[in-house]
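What follows is a single structure, written as structure tokens, with notes after it.
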Amino acid sequence: MDVSPWRIEWSDELSMSNAEIDAEHRNFIRLVNELNSEIMSQQRDKAVVERIMKQMLDDAIAHFAHEERLFIEKLYPAREEHAQLHAELISKFRQALEEIHATEFSRLWIETGLEIRSLLINHVLFEDTQYIEYLRAE
Ligand SMILES: [Fe+2]
Ligand SMILES: [Fe+2]
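In this text, residue positions in the sequence shown follow this note's numbering: the first is 176, and each later residue adds one.
The following block contains the structure:
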């Protein structure tokens, strides 16, 4: 059994009742786990850490654009505020990627991995779940 604090598992609490959005969120959980297990492994490889973070950044850009299209389609009233949070996350991810790129392994990498994990999970849990009822509306 995996009891590492560096891992997070999907749970129904995170479900948006939309198969595509859920699949994209599950992908982030997988990437967050890959990132943290690479950062914490004895054989950690900086190129792998950067590749996972770059993938996460690219997927986040595509996922946020997807959500923002749904906000317009579903007339979600808080779409601008939510889009602003997406923009802040993207800039934090970019900054984190630059910091990892510019340094060798240190405590900063561990903190960065955990911060990315909590930023993403908190966004899904506390922000994305606010548009569920709009998402369900026809
Ligand atoms: Fe999302
Ligand atoms: Fe979002």
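A virtual CB, placed ideally from N, CA and C, is assigned to each residue, including glycine. Keep in mind that this is a model prediction, so the values were computed, not measured.
By the C-beta density criterion, Phe239 is buried, having at least 16 other C-beta atoms within 10 angstroms. For Met191, no alpha helix (DSSP H) segment is defined, and its DSSP state is neither H nor E. A contact is defined here as three or more CB-CB pairs under 8 Å, and the stretch 188-195 fails this definition with respect to the stretch 246-260. In terms of side-chain proximity, the C-beta atom of Asp303 is found nearer than 7 Å to a non-hydrogen atom of ligand 1. DSSP places Phe280 outside any alpha helix (DSSP H), giving it a letter other than H or E.
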